[in-house]
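**Student:**
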Amino acid sequence: MFEDIQLIYMNVCILRFWALLYDRNVKRYVCICLASIHIFTQVVYMVTTKEGITGIIRNGYMLVLWINTVLRAVLLMQDQDGLIQSLTSAYYDLASEKDSYIDGMLDDLNRQGMLMARGNLFFGLLTCVGFGLYPLSTSERVLPFGSRIPGVDEYTTPYYQLWYVFQMLITPMGCCMYIPYTSLIVAFIMFGIVRCKALQYRLRLLAVRHPAGQRNSRHLAAEIGECIRYQQSIIAYVDKISGLTTMMFLFELLAFSALLCALLFMLIIVDSTSQLIIICLYINIILAQILALYWYANELREQSLAVAIAAYEREWFKFEIPLRKNILFMIMRAQRPDSIFLRNVRPITLELFQNLLNTTYTFFTVLKRVYG
Numbered sequence: 036m037f038e039d040i041q042l043i044y045m046n047v048c049i050l051r052f053w054a055l056l057y058d059r060n061v062k063r064y065v066c067i068c069l070a071s072i073h074i075f076t077q078v079v080y081m082v083t084t085k086e087g088i089t090g091i092i093r094n095g096y097m098l099v100l101w102i103n104t105v106l107r108a109v110l111l112m113q114d115q116d117g118l119i120q121s122l123t124s125a126y127y128d129l130a131s132e133k134d135s136y137i138d139g140m141l142d143d144l145n146r147q148g149m150l151m152a153r154g155n156l157f158f159g160l161l162t163c164v165g166f167g168l169y170p171l172s173t174s175e176r177v178l179p180f181g182s183r184i185p186g187v188d189e190y191t192t193p194y195y196q197l198w199y200v201f202q203m204l205i206t207p208m209g210c211c212m213y214i215p216y217t218s219l220i221v222a223f224i225m226f227g228i229v230r231c232k233a234l235q236y237r238l239r240l241l242a243v244r245h246p247a248g249q250r251n252s253r254h255l256a257a258e259i260g261e262c263i264r265y266q267q268s269i270i271a272y273v274d275k276i277s278g279l280t281t282m283m284f285l286f287e288l289l290a291f292s293a294l295l296c297a298l299l300f301m302l303i304i305v306d307s308t309s310q311l312i313i314i315c316l317y318i319n320i321i322l323a324q325i326l327a328l329y330w331y332a333n334e335l336r337e338q339s340l341a342v343a344i345a346a347y348e349r350e351w352f353k354f355e356i357p358l359r360k361n362i363l364f365m366i367m368r369a370q371r372p373d374s375i376f377l378r379n380v381r382p383i384t385l386e387l388f389q390n391l392l393n394t395t396y397t398f399f400t401v402l403k404r405v406y407g
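The numbering used here puts the first residue of the sequence shown at 36, with every later residue one more than the last.
#1: Residue range of the alpha helix (DSSP H) that residue 171 falls in?
#2: Where are the alpha helix (DSSP H) runs, 4 residues long or more, that stay fully inside the stretch 58–141, in chain order?
#3: Can you give me the start and stop residues for the alpha helix (DSSP H) that residue 370 sits inside?
#4: Going by alpha carbons, who is nearest to residue 73 out of 215, 101, 373?
#5: Taking DSSP as the reference, what is the three-state secondary structure of residue 264?
#6: What residues in its chain sit with their C-beta under 8 Å from that of residue 167, if we drop five residues either side in the sequence?
#7: Quick check: residue 181 and residue 80, are their CB atoms within less than 8 Å of each other?
#8: Under a three-way DSSP split, which group does residue 207 fall into?
#9: Considering only their Cβ atoms, is the gap separating residue 361 from residue 263 smaller than 8 Å?
#10: How many angstroms separate the CA atom of residue 18 from the CA atom of residue 402?
#11: Which residue wins for smallest C-alpha separation from residue 314, given the options 97, 199, 50?
#12: Under the rule that 16 or more other beta-carbon atoms within 10 Å means buried, what is residue 395, buried or exposed?
#13: Any idea which residues DSSP pairs residue 376 with across the strands?
#14: Quick check on residue 365: buried or exposed, where buried means 16 or more other Cβ atoms within 10 Å of its Cβ?
#15: Note down the Cα distance separating residue 373 from residue 272, rounded to an integer number of angstroms.
#16: Check for me: the alpha helix (DSSP H) holding residue 330 runs from which residue to which?
#17: Ends of the alpha helix (DSSP H) at residue 47?
#18: Three-state secondary structure (DSSP) at residue 357?
#19: How big is the Cα-Cα spacing for residue 292 and residue 126?
#20: State the Cα-Cα distance for the pair residue 199 and residue 274, rounded to the nearest angstrom.
#21: Give every residue of the same chain whose Cβ lies closer than 8 Å to the Cβ of residue 377, excluding the five residues on either side of it in the sequence, and list them in chain order.
#22: Under 8 Å between the Cβ atoms of residue 137 and residue 129?
#23: Considering Cα atoms alone, identify which of 259, 400, 239 is closest to residue 301.
#24: Can you give me the Cβ contacts of residue 358 inside the same chain, cut-off strictly under 8 Å, excluding the 5 residues immediately before and after it?
#25: Less than 8 Å between the C-beta atoms of residue 42 and residue 222, yes or no?
#26: Could you tell me the distance, in whole angstroms, from the CA atom of residue 134 to the CA atom of residue 379?
#27: My assumption, with CB atoms under 8 Å, is that residue 105 sits in contact with residue 54. Please give the rounded CB distance.
#28: How many angstroms separate the CA atom of residue 371 from the CA atom of residue 338?
#29: Note down the Cα distance separating residue 268 from residue 230, rounded to an integer number of angstroms.
Now the structure itself:
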């Protein structure tokens, strides 16, 4: 199982506790139902609110976060543990090779995965604290999340106190549904990067293990065939990740780009230091979540392209003709790199992240000019 894989252990344990992975019990339905009820009250609030633009932007941000949280939980329940099984099997296959270079990569991978999971949970904790402290920074009664219950005045006693307690109870639950999913997907991508590097390493060893004049064509053909099968398994693995996340990443791109623009606009219109700090915290969390994903997705694409370089730079042209053809097929396939896609149309890269920031800043300057 995954207990020895620190890359994913913490995230899987949290998701398993809430029955979003492996176990099927009442916790799963409690999480989804409570979050869905909360989203409904937020939608009612957004439709009927008479708050100013600051309140609308802040509560729009919260609404997008909660919708995204439920979307992530549903995607996980549909996939069940398919990706985790694929990662676990491939991880132990690599570890069984007992190669110092591969073992070093796996150790670094586990260390980075643990740091990332803990860091994301820390940011999640800060977010929960920010949500809880926000009502204390205002002079009137407000809730951490703008919501409205039809037929009830939620700002009167005791409804206000009860609804505040409810929102603070579901906030850690939502954080445990949202943050580990992000960390888990990034961990899947990180492991895909390691698999590409392992394939490059195997290809570079071909000429070392089979020097000119001492080649056993049969053994060499078997190793090249193994490399081809490994390349195909990486392709299938990345396709699984993309299939699980493509719609969710598209939703995040559209929603977070709009929210980032709106939050930047809020920076120039708020008049409270505490609100300014909270807004900066929201912006940093959005950027940290998106940048981590886009960084590793871009690295996966680059390492997939590097497979072609690793295959080409050896003396493959001195192999027998059938073996040359196999190497050429590997190079041709690697030149169409494995990528995580947005709606199966555009790959996630740092260039796309830059375009996102440029577009966001453009709309921000337009808003500033119109309302400034």
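Every residue gets a Cβ at the ideal spot worked out from N, C-alpha and C, and that includes glycine. None of the values given here were measured: they were computed from a predicted structure.
**Tutor:** This is what the structure holds:
#1: Counting along the chain, residue 171 falls outside any alpha helix (DSSP H), and DSSP gives it neither H nor E.
#2: 61–83, 88–114, 117–130
#3: Unbroken run through residue 370: none, as it is neither H nor E.
#4: 101
#5: helix
#6: 179, 203, 206
#7: yes
#8: helix
#9: yes
#10: Nothing in the structure corresponds to residue 18, since the chain is present only between 36 and 407.
#11: 97
#12: buried
#13: 382
#14: Within a 10 Å sphere around the beta-carbon of residue 365 sit 16 or more other beta-carbons, which makes this residue buried.
#15: 10 Å
#16: 308–347
#17: Segment 41–52, the alpha helix (DSSP H) holding residue 47.
#18: helix
#19: 35 Å
#20: 42 Å
#21: 281, 284, 285, 288, 383, 387
#22: yes
#23: 400
#24: In chain order, 252, 255, 256, 259, 351 place their CB closer than 8 Å to the CB of residue 358, counting only its own chain and leaving out the 5 sequence neighbours on each side.
#25: For residue 42 and residue 222, yes; Cβs fall inside 8 Å.
#26: 36 Å
#27: That belief does not hold up - the Cβ atoms of residue 105 and residue 54 are roughly 15 Å apart, past 8 Å.
#28: 12 Å
#29: 10 Å
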